[in-house]
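Undergrad:
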Amino acid sequence: MKGSNIYRRTRNWLLYGIFLFCVVLGTIELCYRFQVIDFYSNVFSALNTEHEQEQEQEQGNKEIVLILGDSFSAYNQCYVENLRNEYPNLDFVNLSVPGIGILQQKIILERKLKTYNPKYILYQYYVGNDLTDIRHPINWNTLSFSRNLYWLFGDKLLILQYLNWKLGSLRTDNKSGEAIKSNSFSQETYNARSKTFLQSDSLLLYNQVLLKGDAKINFEDWKSNMNELVSSMPTSAKMIVLLIPHCIQVNSEYQQRFTELGAHTKNIPIAADYPILNEIKKALPNSLVINPLKDFIELDTNTSFYFANDPHLTEIGQTVLAKTIIQQNIFN
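So in my numbering, the last one in the sequence shown is 336, and the numbering has no gaps at all.
1) Give every residue of the same chain whose Cβ lies closer than 8 Å to the Cβ of Asn255, excluding the five residues on either side of it in the sequence, and list them in chain order.
2) Excluding the five sequence neighbours on either side, which residues of its own chain have a C-beta within less than 8 Å of the C-beta of Glu60, listed in chain order?
3) Cutting at 6 Å between CB atoms, please list the residues of its own chain near Thr263, excluding the five before and the five after it.
4) May I have the straight-line CA-CA distance separating Gly217 from Arg13, to the nearest angstrom?
5) Which residues bound the alpha helix (DSSP H) around Tyr166?
6) Expressed to the nearest angstrom, what Euclidean distance is found between the alpha-carbon atoms of Ile272 and Glu192?
7) State buried or exposed for Trp155, treating a residue as buried only when at least 16 other CB atoms are found within 10 Å of its CB.
8) Reducing DSSP to helix, strand and coil, say where Leu72 ends up.
9) Roughly how many whole angstroms lie between the Cα atoms of Glu295 and Gly321?
10) Which same chain residues end up closer than 8 Å to Leu107 when comparing Cβ atoms and leaving out the 5 residues on each side of it in sequence?
11) So which of Ser206, Ser77, Asn89 has the shortest CA-CA distance to Asn98?
12) Could you check how far apart the C-beta atoms of Ile68 and Tyr120 are, in whole angstroms? I think they sit under 8 Å.
13) Would you please verify whether the beta carbon of Asp299 is less than 8 Å from any beta carbon of chain D?
14) On the DSSP letters alone, give me the boundaries of the alpha helix (DSSP H) that Ile329 sits inside.
15) Taking only the alpha-carbon atoms, compute the straight-line gap between Phe48 and Ser100 and give it to the nearest angstrom.
16) Within the continuous beta strand (DSSP E) that includes Ile125, where are the two ends?
17) For Pro249, does the count of other Cβ atoms within 10 angstroms reach 16, so buried, or fall short, so exposed?
18) Please give me, in chain order, every unbroken run of the alpha helix (DSSP H) with length at least 4 that falls completely inside the segment 182–249.
19) Find the nearest neighbour of Ile284 within the set Val293, Asp277, Ala276, judged by alpha-carbon distance.
20) Helix, strand or coil for Tyr79 per DSSP?
21) What do you get for Thr53, buried or exposed, if any count of 16 or more other CB atoms within 10 angstroms of its CB means buried?
22) Could you give the residue range of the beta strand (DSSP E) that holds Val293?
23) Among Asn152, Ile184, Phe23, Trp144, which has the Cα closest to the Cα of Leu317?
24) Please look up how many angstroms separate the CB atoms of Lys242 and Tyr124, rounded, as I've assumed it's under 8 Å.
25) Suppose contacts are defined by Cβ-Cβ distances below 8 Å. Is Ala326 in contact with Tyr79 by that definition?
26) Return helix, strand or coil for Tyr278, following the three-state DSSP convention.
27) Given a threshold of 16 other Cβ atoms within 10 Å of its Cβ, counted over all protein chains shown, does Trp17 qualify as buried or as exposed?
28) Determine the extent of the beta strand (DSSP E) in which Asn46 is found, giving its start and end residues.
So this is what it looks like as structure tokens:
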């Protein structure tokens, strides 16, 4: 009898604990989705120091360009700085955050539109992972249980992705920094996140470039969310989509590197025109889609646009990206 009571109390406390955890997690999730507080205020402040100073001095007389992007746009030496230097008459407000995608960007924009009335919104899309940001490639055979579990719940609960990003931003990885600075490609030291994705599905990049398999399904979700984002914009604002290619689309040497990392790169064309580009144009007929891939293919002859051990753009790559945008004469 006594053992039965202990079991009952233990079970009840366990159920209460699970219930309380779910309530707390659900509450935080709602706070995140409605951006009750500015969860990314530190990032925005770091990326827009000059903007905040100019707002005080000029009282916001400039026309505003909002930038929505991920890690390709979320640091101070990226293409955004080139645009600021080229167009001093415009106020480029960078709302980019590393590791986020359309689900988070939609939430961020909705909150920021209460503060800003932009003339342009520049949305940065990265071919390498913007579709996996919607639904991660779970694979119970090749990935750890914890990784699959995190991706499974993280796709539903955005707060889990935020907490993971927050914890990651507190860590310092000297090894990773040294690998990025290296000019020599190495399977061992290449970006761990990229290798994890390829471990889950060797066809991942192939499918995302050519819009096949799960990527095709994820793209339908991306379109739906993107239409919601566009509908939240002021009617006077112009949407610009900046399509950043994966390095395997640029030349055969990059493709060879990713083949060695385990990616299926056969039949991925090195051509400026490709399926995901055309589908985005169809999905957003009233938006300007900027495709820098032609410039990358023509100019990146010594594979210097992307880091040797990381899929991000180098300073040279970011400069060429900025030039491609400027050549569109959008802001003149």
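Where is the CB? At the ideal position from N, CA and C, for every residue including glycine.
TA: Short version:
1) Excluding residues within five positions, the ones whose Cβ falls inside 8 Å are Ile274, Ile301, Asp304, Thr305, Thr307.
2) Unreliable placement is indicated for Glu60, whose pLDDT of 47 sits below 50; the coordinate value is still reported in the next sentence. Counting only Cβ-Cβ distances below 8 Å, and skipping sequence neighbours, we find nothing.
3) Excluding residues within five positions, the ones whose Cβ falls inside 6 Å are Thr269.
4) Going from the Cα of Gly217 to the Cα of Arg13 covers about 49 Å.
5) 162–174 is the extent of the alpha helix (DSSP H) around Tyr166.
6) If I take the Cα positions, the gap works out to 24 Å.
7) Label assigned to Trp155: buried.
8) Leu72 falls in the strand class under three-state DSSP.
9) It should be pointed out that residue 295 corresponds to Asn in this sequence rather than to Glu. If you draw a straight line from the Cα of Asn295 to the Cα of Gly321, it comes to about 14 Å.
10) The residues are Asp137, Ile138, Leu162, Asn229.
11) For the options Ser206, Ser77, Asn89, the alpha carbon positioned closest to that of Asn98 is the one of Ser77.
12) Yes, they are in contact, since the Cβ atoms of Ile68 and Tyr120 sit about 5 Å apart, within 8 Å.
13) In the structure shown, chain D cannot be found, because there is only a single protein chain.
14) That run of the alpha helix (DSSP H) goes 319–331.
15) Straight-line Cα distance between these residues: approximately 8 Å.
16) Boundaries of the beta strand (DSSP E) harbouring Ile125: 124–130, taken from the DSSP string.
17) By the 16-neighbour rule on beta-carbons within 10 angstroms, Pro249 is buried.
18) Considered as a whole, the segment 182–249 harbours 196–204, 208–214, 218–235 as its complete alpha helix (DSSP H) runs of no fewer than 4 residues, in chain order.
19) Closest in alpha carbon position to Ile284, among Val293, Asp277, Ala276, is Val293.
20) In this structure, DSSP gives Tyr79 a state outside helix and strand, which the three-state scheme calls coil.
21) In this structure Thr53 is exposed. Its beta-carbon is surrounded by fewer than 16 other beta-carbon atoms within 10 angstroms.
22) 292–294 is the extent of the beta strand (DSSP E) around Val293.
23) Nearest neighbour of Leu317 by Cα position, chosen from Asn152, Ile184, Phe23, Trp144, turns out to be Ile184.
24) The pair is a contact, with the Cβ atoms about 5 Å apart (cut-off 8 Å).
25) When the beta-carbon positions are compared, Ala326 and Tyr79 stay at least 8 Å from each other.
26) Three-state result, Tyr278: coil.
27) Residue burial annotation: Trp17 is exposed, with fewer than 16 other C-beta atoms found within 10 angstroms of its C-beta.
28) Per DSSP, Asn46 belongs to no beta strand (DSSP E); it is in the alpha helix (DSSP H), 45–51.
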